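Numbering (the working numbering), first residue to last: 166 to 424.
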């Protein structure tokens, strides 16, 4: 799966777990600005804004060439029965105004619904071409192995996890497992809810000064340098512009080792 390493997160656009249309127009403007800046990846989920966020994305991408955009969406953990997964996909496609999703993820595991049933539905969506790639989010190594075992001929393409300079537990086993098995790692909260955008972390602040970058740009570049995709929240056009400064340069080998 060929996925851009830098994307736009949409959590909070159109609401969080409830609909909030107050930033509808502004969110469309931000996403279109990002697309115009060359950002190709947009991450969304059916639960965001109770579907309103997907509508915002659908509106934002209209007028752009669909094949130039990579959309990730996710089925919520209460919709993991076979029929519910298929229904969730149809809802997402309608709201996004598209006939396929580039990467469709199981948002969270749900131990009350057999993973075999969920993965059978995910494979069906891949077979139908509605999902170009299928994957998971917030899955442990154990669950990744189980999920893959329930697929007949498809492959789990990605695991989206929380990963940042300060949240590094995935380095222990999840990231090595994904690398060894050809799964793409996608990092959400790569700036640790904005904490790393401030210069309070001494190491990041030192490197920001050395490279003439901001702490946020260093934090994002560090993840991207590991061939891990990042989807920082696209909070404003100014944020997008700053975050894009994470691209086009490299931390030197000694600094990467030190980090």
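All residues carry an ideal CB built from backbone N, CA and C; glycine is no exception.
Predicted model only: the values in this text are computed from it and were never measured.
- Bridge partners of residue 394 according to DSSP: 351.
- With 16 or more other Cβ atoms inside 10 Å of its own Cβ, residue 253 counts as buried.
- Relative to the Cα of residue 173, the nearest Cα in the group 331, 404 and 417 belongs to 404.
- Relative to the Cα of residue 180, the nearest Cα in the group 326, 201 and 220 belongs to 220.
- For the options 202, 332 and 218, the alpha carbon positioned closest to that of residue 233 is the one of 202.
- The Cβ atoms of residue 271 and residue 300 sit closer than 9 Å to each other.
- Excluding sequence positions up to five before and after residue 198, its CB lies within less than 8 Å of the CB of 402 and 405, all in the same chain and listed in chain order.
- With at least 16 other beta carbons inside 10 angstroms of its own, residue 323 counts as buried.
- DSSP places residue 168 in the coil class of the three-state scheme, outside both helix and strand.
- Per DSSP, the continuous alpha helix (DSSP H) segment holding residue 248 begins and ends at 247-261.
- Collapsing the DSSP output to three states places residue 324 in a strand.
- Secondary structure remark: continuous alpha helix (DSSP H) runs of at least 4 residues inside the segment 263-310, in chain order: 280-292.
- Residue nearest to residue 213 within the set 417, 285, 318 and 398 is 398 (criterion: CA-CA distance).
- Distance from the CA of residue 188 to the CA of residue 410, rounded to the nearest whole angstrom, comes to 25 Å.
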